[in-house]
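In the working numbering, the protein residues as written are 17 to 190. Idealized CB from N, CA, C, for every residue including glycine.
Put into structure tokens, the structure is as follows:
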């Protein structure tokens with residue numbers, strides 16, 4: 017943390033921004049196991065994005081729920097398009113169970129939506145046209161993700177991969 021802030025590794029304009037971003041990144045990375053962190057450090061950037069996505073979903077239940085409820089539904093429907101209105105419907109559905117969302121301003125809600133869609137694109141789940149993309153981890157990434165259990169399968173919506181490959185069925189048993 018000190019090194020990142022002192023050397024402006026995250027290339028932020030102010031020290032306050034650097035501290036804030038560093039704190040956020042560390043809060044996500046702390047949710048990864050030693051094996052996951054080791055893999056993250058040594059894998060290609062495209063594969064690292066998948067492990068980081070797992071950390072994001074562990075850190076933010078709201079994002080994980082959006083993936084499980086909206087993206088998974090789209091994956092199994094004929095429509096592969098994710099619209100901003102899908103986020104608005106999801107957000108509204110959460111109001112009944114999370115009264116604290118009533119206090120979120122419209123501008124904050126739009127910023128959250130923007131951040132979630134950006135993160136989905138960066139992780140490879142969404143095209144720039146907001147079309148859902150199938151992510152199929154392979155090789156060492158698949159091995160690491162298998163060890164993470166059911167939560168990861170749900171987050172990655174890898175049901176097609178599991179259904180199509182009997183050797184992967186044990187993923188759903190964890």
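- Between residue 98 and residue 148, the C-beta gap is smaller than 7 Å, which places the two residues in contact.
- Among the bridge pairs identified by DSSP, residue 147 is matched with 97.
- Less than 7 Å separates the beta-carbon of residue 44 from that of residue 75.
- In this structure, the CA atom of residue 25 is about 8 Å from the CA atom of residue 19.
- Minimum Cα-Cα distance from residue 139 among the listed residues 70, 57 and 111 corresponds to 70.
- Here the alpha carbons of residue 87 and residue 106 stand approximately 11 Å from one another.
- Inter-residue distance for residue 31 and residue 37 is about 10 Å (C-alpha atoms, whole angstroms).
- Measuring C-alpha to C-alpha distances from residue 126 to each of 62, 118, 100 and 91 identifies 100 as the nearest.
- Cβ neighbours of residue 157 within its own chain (closer than 7 Å, five residues either side excluded): 59, 63 and 66.
- C-alpha of residue 27 to C-alpha of residue 102: approximately 33 Å in a straight line.
- Residue pairing of residue 142 in beta bridges, as defined by DSSP: 148.
- By the Cβ-count criterion, residue 150 is exposed, with fewer than 16 other Cβ atoms from all chains shown falling within 10 Å of its own Cβ.
- Non-local beta-carbon contacts of residue 56 in its own chain, meaning distances under 6 Å to residues more than five positions away in sequence, involve 64 and 67 in chain order.
- With respect to residue 33, residue 21 sits apart: the two C-beta atoms are not nearer than 7 Å.
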